[in-house]
Amino acid sequence: MKPFDVEDLYLHSTLQAAHGAPAHPVAVFARSRPSRNRDGYRATVWCVDLEDDGGPRQLTSDDSNARSPRLSPDGKTLAFLARRQKKAGTQVYLLRLSGGEARRLTSLDHTLESIDGWTPDRGTLLVSASVPWAEDEHDDVSVAESTRPLVVKHLPYKMDGSGPTVGKRTHLFRVDAASGEAVQLTGGDFDVKEARWSPDGKRLAYVRTREEKERHWVDLWLADADGRNASRATSTLASVLGLQWSPDSTTLVFGANPTPGDSLDRPWLLRAEDGKLTALGSEDMHLAGDQFVWHEDGVRIATVVSIRGLQEICVIDTASNRAKHFPRRLRHVLHLGAGGGRLIYSCATMRKPEELYSCDWEGGSERRHTGFNRPWIRERTPPRVTVRGFDVPDGDGGTERVDAWLLRPPGKGPFPVLVDMHGGPQSTVLVDYPSHVYWYELVSRGWMILAPNTVGSASYGADFARRLIGCWGERDLPQYLAILDRLRDEGLIDERVACTGKSYGGFLSAWAIGNTQRFRAAVVCAPISDVQSHTGTSDSGFYVTPYAMGGGMDQVRDRYQRLSPIVYGTHIDTAVLMLQGQEDQRCPLGQSEELYANLLRFTRKPLRMVVYPGGSHSLASSGRPSHRVGYHRRLVDWVVRYAEQSDGGIERRNTDETAAADVAAS
Numbered sequence: 013m014k015p016f017d018v019e020d021l022y023l024h025s026t027l028q029a030a031h032g033a034p035a036h037p038v039a040v041f042a043r044s045r046p047s048r049n050r051d052g053y054r055a056t057v058w059c060v061d062l063e064d065d066g067g068p069r070q071l072t073s074d075d076s077n078a079r080s081p082r083l084s085p086d087g088k089t090l091a092f093l094a095r096r097q098k099k100a101g102t103q104v105y106l107l108r109l110s111g112g113e114a115r116r117l118t119s120l121d122h123t124l125e126s127i128d129g130w131t132p133d134r135g136t137l138l139v140s141a142s143v144p145w146a147e148d149e150h151d152d153v154s155v156a157e158s159t160r161p162l163v164v165k166h167l168p169y170k171m172d173g174s175g176p177t178v179g180k181r182t183h184l185f186r187v188d189a190a191s192g193e194a195v196q197l198t199g200g201d202f203d204v205k206e207a208r209w210s211p212d213g214k215r216l217a218y219v220r221t222r223e224e225k226e227r228h229w230v231d232l233w234l235a236d237a238d239g240r241n242a243s244r245a246t247s248t249l250a251s252v253l254g255l256q257w258s259p260d261s262t263t264l265v266f267g268a269n270p271t272p273g274d275s276l277d278r279p280w281l282l283r284a285e286d287g288k289l290t291a292l293g294s295e296d297m298h299l300a301g302d303q304f305v306w307h308e309d310g311v312r313i314a315t316v317v318s319i320r321g322l323q324e325i326c327v328i329d330t331a332s333n334r335a336k337h338f339p340r341r342l343r344h345v346l347h348l349g350a351g352g353g354r355l356i357y358s359c360a361t362m363r364k365p366e367e368l369y370s371c372d373w374e375g376g377s378e379r380r381h382t383g384f385n386r387p388w389i390r391e392r393t394p395p396r397v398t399v400r401g402f403d404v405p406d407g408d409g410g411t412e413r414v415d416a417w418l419l420r421p422p423g424k425g426p427f428p429v430l431v432d433m434h435g436g437p438q439s440t441v442l443v444d445y446p447s448h449v450y451w452y453e454l455v456s457r458g459w460m461i462l463a464p465n466t467v468g469s470a471s472y473g474a475d476f477a478r479r480l481i482g483c484w485g486e487r488d489l490p491q492y493l494a495i496l497d498r499l500r501d502e503g504l505i506d507e508r509v510a511c512t513g514k515s516y517g518g519f520l521s522a523w524a525i526g527n528t529q530r531f532r533a534a535v536v537c538a539p540i541s542d543v544q545s546h547t548g549t550s551d552s553g554f555y556v557t558p559y560a561m562g563g564g565m566d567q568v569r570d571r572y573q574r575l576s577p578i579v580y581g582t583h584i585d586t587a588v589l590m591l592q593g594q595e596d597q598r599c600p601l602g603q604s605e606e607l608y609a610n611l612l613r614f615t616r617k618p619l620r621m622v623v624y625p626g627g628s629h630s631l632a633s634s635g636r637p638s639h640r641v642g643y644h645r646r647l648v649d650w651v652v653r654y655a656e657q658s659d660g661g662i663e664r665r666n667t668d669e670t671a672a673a674d675v676a677a678s
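In terms of our numbering, the sequence shown opens at residue 13 and continues consecutively.
Next comes the structure, spelled out in structure tokens:
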């Protein structure tokens, strides 16, 4: 057996976009693999027969990346986006599943973004594309986008992973599947986020932004199939995502939340005839993503929900509002689709990366359809994985129980331990190999990984998640420390303790080393270090941060300052590595720069900041492969080098108690 290595990421396949046809036992999906030669990714489309165990069949070539696969209603034709001819740009291609070469369908000048569906007669495709938009009378749309000034009149004006969004708008087009002729269906000063034609081909549902200064609010609109007679169907929901029509074209299901900044989305129904809105499930049903599929009976809906730290398939009877869950032990369901009367999904465990499966609508007769990750993972010694409950302080003078993932190497310990702090914070520990490649090499090198779902995490009820509002770091860090105390008392860990985290986890790791001396080493990734400046510079900070802080800066300004890790820089006595994507718009580079500049003045311990050109907030999981190798390699080496030194060659300045007193005095 081989030990895990960071470069194993080149062997990993990511599976996405499972999509089937209602009455046909075939499904298509996208497979993405890192390419060492390209220093990029090879994205291909594959298909599987849901009634046959013959294995997957590759449909598109490795020569050009394919994305947004959509199977025609009769299960015979694949539509996808690709850039096969450089001068032509990204266009729609059609491929018969029976064989032959893909045919280029469109010749659009606009930047195509996604294929949103077919008409029932298979004659027309619904496509979204980015079109130029003049923001004011001085804005010249004929100027090349790379040199055109950014004219900003609203927020957000940029998005992580795609950059500036001003100077263009996303709109819908109908494309004739025979001729490729395209007709624009929507137009105006708004962006369409997603769209679906009704199964009877008569209606169009789409989600679009408002024409206001703050455009994080989106609404569901209904129109005729040709885009005419459009009317707004929702106005009280801040987010709408994952649109799917019922088979009889009467009802739409989607995920939504009425509160801007709150990520605890739940399912909703909209009756198209009269606009009646109904929330499904309870307030404690937290969606994991935006995936919905209808059963052919038009009553049952399947989706993926997050329950006590696990992502499970949930089937909801819309008539009785009763939910049935399909627990898969410690497996996380990642993507969900349906076809041929079966549910299609990819899922993974902490020991085995994702593969594609299907089951019936009762959760039975499960079949595995792919084995892309099995050959290389079988050659590695897997970690020992458990989920344990720990009694921790609840922040109100009592105790509560929280769950934590433990990934351990062979042996009895004590082990050095890396405390991994998840993002969100209204999220959970993710079963996500691409983001956590470093876990596996560290386990192979004798380390234990501790990844808790402390207060503020989703999937344990709305009250549990929202108790962290206005209390970042103050309620959850003591829970991490209590778990460490318990593990040390049990003899499972020793004093070699390090921490890391990204996004909110970056905030919490920076907060932790400024408020305790427990960590010998820290790797702070894409953090929020200054809550006030993050509010105005993040693509979503202007509405997410006021929600998370329990008020705007004009209302609770002292809280914004008190909860900023940068305030506690003088107390940090830890070896700190900072990792950041240069084009991160969610937690912008300035957040790392502020913390680094502050620490540079005060710390006597090793300090380093590494910035990856072009890297977004998703750098660790989907950035340039060479950058990902460097990211995970640096993290492993830093943790091992400095956590295994008792003092880093420098006498520790004070005890935990002294540091805590200093923080309180400040």
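Note that beta-carbon positions come from the ideal geometry of N, C-alpha and C, so glycine has one too.
All values reported here derive from a predicted model rather than from experimental measurement.
(request) Note down, in chain order, each residue of its chain lying with its Cβ closer than 6 angstroms to the Cβ of ASP668, except the 5 sequence neighbours on either side. (result) Locating residue 668 in the sequence shown gives position 656, where the first residue counts as 1. Confidence is the limiting factor: at ASP668 the pLDDT is only 43, short of 50, which leaves the residue's position unreliable and the question unanswerable from this model.
(message) Let me check understanding here. Comparing Cα to Cα, which of VAL449, ILE495, CYS371 lies closest to ARG413?
(response) On the sequence shown, residue 413 is found 401 positions in, with the first residue counted as 1. Per the Cα distances, ILE495.
(message) Excluding the 5 residues flanking ARG664 on each side, which residues of the same chain have their C-beta closer than 8 angstroms to its C-beta?
(response) Position 652 of the sequence shown, counting from 1, holds the residue named residue 664. Below a pLDDT of 50, predicted positions are generally treated as unreliable, and ARG664, at 41, falls in that range; the measurement from the model is reported next regardless. Contacts found: GLN529, ASP585.
(message) Measuring alpha carbon to alpha carbon, tell me which residue in ARG380, MET460, ALA300 is nearest GLY503.
(response) What you label residue 503 is simply residue 491 of the sequence shown in a count that begins at 1. The candidate whose alpha carbon is nearest that of GLY503 is MET460.
(request) Identify whether PHE384 lies in helix, strand or coil by the three-state DSSP scheme. (result) Along the sequence shown, one-based indexing puts residue 384 at 372. In this structure, DSSP gives PHE384 a state outside helix and strand, which the three-state scheme calls coil.
(request) Could you pull the start and end residues of the alpha helix (DSSP H) that GLU453 belongs to? (result) The residue labelled residue 453 in the question sits at position 441 within the sequence shown. GLU453: member of the alpha helix (DSSP H) spanning 449-456, first to last residue.
(request) Closer than 8 angstroms by C-beta to SER110: which residues in its own chain qualify, once you throw out the five before and the five after it? Chain order, please. (result) Taking the sequence shown and counting its residues from 1, the one referred to as residue 110 is at position 98. Cβ neighbours of SER110 within its own chain (closer than 8 angstroms, five residues either side excluded): LYS88.
(message) My assumption, with CB atoms under 8 angstroms, is that LEU647 sits in contact with TYR450. Please give the rounded CB distance.
(response) As a working mapping, residue 647 is identified with position 635 in the sequence shown. As a working mapping, residue 450 is identified with position 438 in the sequence shown. Between the beta-carbon of LEU647 and that of TYR450 there is about 5 angstroms, and that keeps the pair under the 8 angstroms contact cut.
(request) Have a look at ALA524 and TYR169 and give me their C-alpha separation to the nearest angstrom. (result) Position 512 of the sequence shown, counted from the start, is the residue given in the question as residue 524. Position 157 of the sequence shown, counted from the start, is the residue given in the question as residue 169. Rounded to the nearest angstrom, the two C-alpha atoms are 32 angstroms apart.
(message) Below 8 angstroms on the Cβ atoms is my contact criterion, and I expect ALA189 with GLY135 to pass it. Report the Cβ-Cβ distance as a whole number of Å.
(response) Here residue 189 refers to the residue found at position 177 of the sequence shown. Here residue 135 refers to the residue found at position 123 of the sequence shown. The beta-carbon separation of ALA189 and GLY135, rounded to 5 angstroms, stays under the 8 angstroms limit for a contact.
(message) The alpha helix (DSSP H) that contains PRO637, what's its start and end?
(response) On the sequence shown, residue 637 is found 625 positions in, with the first residue counted as 1. Looking at the DSSP string, the run of the alpha helix (DSSP H) that includes PRO637 is 637-655.
(request) Report the three-state DSSP secondary structure of ILE495 (helix, strand or coil). (result) The residue labelled residue 495 in the question sits at position 483 within the sequence shown. It is helical.
(request) Quickly, what does DSSP pair CYS59 with across the bridge? List them, please. (result) For the purposes of this step, residue 59 is taken as the residue at position 47 of the sequence shown. CYS59 has VAL40, ARG69 as its beta-bridge partners, per DSSP.
(request) Look at the alpha carbon of VAL652 and the alpha carbon of LEU120, and state the distance between them as a whole number of angstroms. (result) If you number the sequence shown from 1, residue 652 lands on position 640. If you number the sequence shown from 1, residue 120 lands on position 108. Spanning the two alpha carbons is a distance of roughly 52 angstroms.
(message) Can you look up PRO144 in the DSSP assignment and give me helix, strand or coil?
(response) Within the sequence shown, residue 144 is the residue found at index 132, counting from 1. Here PRO144 carries a strand assignment [DSSP, helix/strand/coil].
(request) Pull up the DSSP beta-bridge partners for ASP432, would you. (result) As a first step, residue 432 must be located in the sequence shown, where it is residue number 420. The partner list for ASP432 (beta bridge, DSSP) reads THR512.
(message) Using C-beta distances below 7 angstroms, list every residue in its chain close to ALA477, excluding the 5 sequence neighbours before and after it, in chain order.
(response) Numbered from its first residue, the sequence shown carries residue 477 at position 465. Excluding positions up to five away in sequence, the list reads LEU276, GLN438, GLY468, SER469, ALA470.
(message) Could you compute how far the alpha carbon of ALA671 sits from the alpha carbon of CYS511?
(response) Within the sequence shown, residue 671 is the residue found at index 659, counting from 1. Within the sequence shown, residue 511 is the residue found at index 499, counting from 1. Annotation note: pLDDT 38 at ALA671 (below 50); position unreliable, coordinate value reported separately. Roughly 18 angstroms between the two C-alpha positions.
(request) Could you check which residue in TYR654, ALA474, ASP406, GLN594 has the C-alpha nearest to that of GLY485? (result) Walking along the sequence shown from the start, residue 485 turns up at place 473. Of the candidates TYR654, ALA474, ASP406, GLN594, the one whose C-alpha sits nearest the C-alpha of GLY485 is ASP406.
(request) May I ask you to report which of helix, strand or coil DSSP gives LYS99? (result) Walking along the sequence shown from the start, residue 99 turns up at place 87. DSSP places LYS99 in helix when its eight states are reduced to three.
(message) According to DSSP, simplified to helix, strand and coil, what is ALA29?
(response) Position 17 of the sequence shown, counting from 1, holds the residue named residue 29. The DSSP-derived three-state label of ALA29 is strand.
(request) Provide the residue(s) that pair with TRP130 in DSSP beta bridges, ordered along the chain. (result) One-based indexing of the sequence shown puts residue 130 at position 118. For TRP130, which the question treats as bridged, DSSP gives the partners LEU137.
(request) Spell out the partners DSSP gives HIS183 in its beta bridges. (result) In the sequence shown, the residue the question calls residue 183 occupies position 171. Answer by DSSP bridge pairing, in chain order: ALA141.
(message) If I follow the unbroken beta strand (DSSP E) through PHE92, where does it start and stop?
(response) Working through the sequence shown from its first residue, we reach residue 92 at position 80. Element bounds for PHE92: 89-94.
(message) Bridge partners for SER633 per DSSP, in chain order?
(response) By one-based count along the sequence shown, residue 633 stands at place 621. Partner(s): none; SER633 has no beta bridge.
(request) Answer yes or no: do LEU117 and LEU106 have a C-beta to C-beta separation smaller than 8 angstroms? (result) One-based indexing of the sequence shown puts residue 117 at position 105. One-based indexing of the sequence shown puts residue 106 at position 94. Yes, Cβ-Cβ distance for LEU117 and LEU106 is below 8 angstroms.
(request) Take VAL18 and list the residues in its own chain whose beta-carbon comes closer than 8 angstroms to its own, dropping the five residues that flank it on each side. (result) Locating residue 18 in the sequence shown gives position 6, counting from the first residue. Cβ neighbours of VAL18 beyond the five flanking positions: VAL449, TYR450, GLU453, VAL641, HIS644, ARG645, VAL648.
(request) With ALA477 as the anchor, note down where its alpha helix (DSSP H) starts and where it stops. (result) For the purposes of this step, residue 477 is taken as residue 465 along the sequence shown, with counting starting at 1. For ALA477, the uninterrupted alpha helix (DSSP H) segment begins and ends at 474-478.
(message) Would you say the beta carbon of LEU232 is closer than 7 angstroms to some non-hydrogen atom of the ligand HEM?
(response) Ligands displayed in this structure: none; no statement on the ligand HEM is therefore possible.
(message) Going by DSSP in three states, SER471 sits in which element: helix, strand or coil?
(response) In the sequence shown, counting from the first residue as 1, residue 471 sits at position 459. In the structure shown, SER471 sits in coil (DSSP, three-state: anything other than H, G, I, E or B).
(request) For ARG115, collect the residues of the same chain with a Cβ closer than 7 angstroms to its Cβ; drop the 5 residues on either side in sequence, then sort them by chain order. (result) As a working mapping, residue 115 is identified with position 103 in the sequence shown. Within the same chain, ARG115 has close Cβ partners TYR105, LEU106.
(message) Let me check one thing: in DSSP terms, what residues is ALA207 bridge-paired to?
(response) Locating residue 207 in the sequence shown gives position 195, where the first residue counts as 1. Note: ALA207 sits in a beta bridge opposite TYR218.
(request) Keeping to the same chain, check which residues put their C-beta closer than 7 angstroms to that of PRO365; ignore five residues upstream and five downstream. (result) Start at 1 with the first residue of the sequence shown, and residue 365 comes out as number 353. If you ignore the 5 residues before and after PRO365, its C-beta comes within less than 7 angstroms of the C-beta of HIS24, ASN385, ILE389, TYR445, all in its own chain and listed in chain order.
(message) Do TRP257 and ARG208 count as a contact pair if the criterion is CB distance below 8 angstroms?
(response) Locating residue 208 in the sequence shown gives position 196, where the first residue counts as 1. Locating residue 257 in the sequence shown gives position 245, where the first residue counts as 1. Yes, these two residues count as a Cβ contact at 8 angstroms.
(request) Would you list, in sequence order, the uninterrupted alpha helix (DSSP H) runs of no fewer than 4 residues that lie entirely inside the stretch 235-283? (result) Within the stretch 235-283, no complete alpha helix (DSSP H) run reaches 4 residues.
(request) Return helix, strand or coil for GLN567, following the three-state DSSP convention. (result) Position 555 of the sequence shown, counted from the first residue, corresponds to residue 567. Three-state result, GLN567: helix.
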